[in-house]
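Quick notes on the structure that follows.
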Amino acid sequence: MQVEAAGIAIGAFIFVIIVLIFLFASIKIVKEYERIVNFRLGKAQAEKGPGIVIVIPGVDRPVRVDLRERFLTIPHQTCITKDNAPVDIDFIIYMKVISAADSVIKVNNFEGAAMGIATTTLRAVIGDIILDEVLSKREEINAVLRTKLDEVTTRWGVKVTNVEIREILPPKTVSDAMILQMSAERSRRAVVLEADGKKTATITVAEGDKQSAILRAEGQKQAAILNAEGYSQALTTIFGAAKGIDEKTLMIQYLDTLKTLGSSPSTKWILPMEFTELIKPIRSVLATAESGGSQEEKK
250 MQVEAAGIAI GAFIFVIIVL IFLFASIKIV KEYERIVNFR LGKAQAEKGP GIVIVIPGVD
310 RPVRVDLRER FLTIPHQTCI TKDNAPVDID FIIYMKVISA ADSVIKVNNF EGAAMGIATT
370 TLRAVIGDII LDEVLSKREE INAVLRTKLD EVTTRWGVKV TNVEIREILP PKTVSDAMIL
430 QMSAERSRRA VVLEADGKKT ATITVAEGDK QSAILRAEGQ KQAAILNAEG YSQALTTIFG
490 AAKGIDEKTL MIQYLDTLKT LGSSPSTKWI LPMEFTELIK PIRSVLATAE SGGSQEEKK
């Protein structure tokens, strides 16, 4: 009896262990960024998750798929441009799974498949472009690569979100020529900047001289106007004073002036032509005086 009881207890314990193992194997916890593609007896079922997913051990085969964006680094690939120049290019592909079932059912190792497609697509794209465009149109090449890769990977349930070329290595001869070209371009820019600086300085000096000349001319103009106004006022004053002087007074002043000139050591006199006009009043006075004296003698 004791042996049978012990056997039953051991069997029950083993059964409980098996049940627990079965339960633990049946319960799958799926994270928010994951999905489970379950194959039951080899047939794919709908995607499951996130949360708790129940599967049947031994009957179901769950496959976890990460939906987060990931990247693939494509090492340097030697490509031939349209003008037969070899270049080494490496780039990065950013992608994410948008259909977990397609990424498991329609392709085996979609990352490896994407890497192979990326290599061939890169060579095809570079083969249609000349070297100068490869070096100068990196963004356009990125866009073309992303579009072409996305067309292929979409059927796998994978979307290419971005493509970034990291490095383009042209042949050494081309690199040396580019260095010389950049040096010449820098020298040209330096000469242009120096010439522009001299031009600006010359224009500034000329503008300054122009403004200075304008100010000087304006000052001279104002000074001339003020001098003219002063002369005008002086002449007006003189003419106003001269109106009150009669001819006899002017004659007496003129004679006084001649007397002053006669007292000088010079023996030469220079008389103006108007002198005869000035002595007419004297002659008339003398004539009047003589006529008066003769009349008295007759009396």
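If you want the working numbering, it's the position in the sequence shown, counting the first as 1, plus 249.
Built from N, CA and C at the ideal position, the CB exists for glycine as well.
All figures in this text were calculated on a predicted structure; none of them were measured in a lab.
- Restricting attention to D381, V336 and D351, the CA atom closest to the CA of A293 is found in D351.
- Bridge partners of D315 according to DSSP: E283.
- F340 sits buried, since 16 or more C-beta atoms from the chains shown fall within 10 Å of its C-beta.
- As for any beta strand (DSSP E) of minimum length 3 sitting wholly inside the segment 297 to 378, the runs are 300 to 303, 309 to 315, 319 to 329 and 335 to 346, ordered along the chain.
- Apart from the 5 residues on each side of it in sequence, T368 sits with its Cβ closer than 7 Å to the Cβ of I323 and Q326 in its chain, given in chain order.
- Straight across, the Cα-Cα distance linking L475 with S481 is about 10 Å.
- Less than 8 Å divides the Cβ of R319 from the Cβ of K345.
- Measuring C-alpha to C-alpha distances from A362 to each of R310, P306, V409 and V383 identifies V409 as the nearest.
- Cβ-Cβ distances below 7 Å link A477 to nothing in the same chain once the five nearest sequence neighbours on each side are left out.
- DSSP places L418 inside the beta strand (DSSP E), whose first and last residues are V407 to L418.
- A distance below 7 Å between beta-carbons, with the five flanking residues on each side excluded, links N391 to the following residues of its chain, in chain order: V412, E413 and I414.
- Rounded to whole angstroms, the Cβ separation of L394 and A334 is 19 Å, and the two are not in contact under 8 Å.
- Contact annotation, I354 with V407: C-beta distance approximately 13 Å; criterion of less than 8 Å not satisfied.
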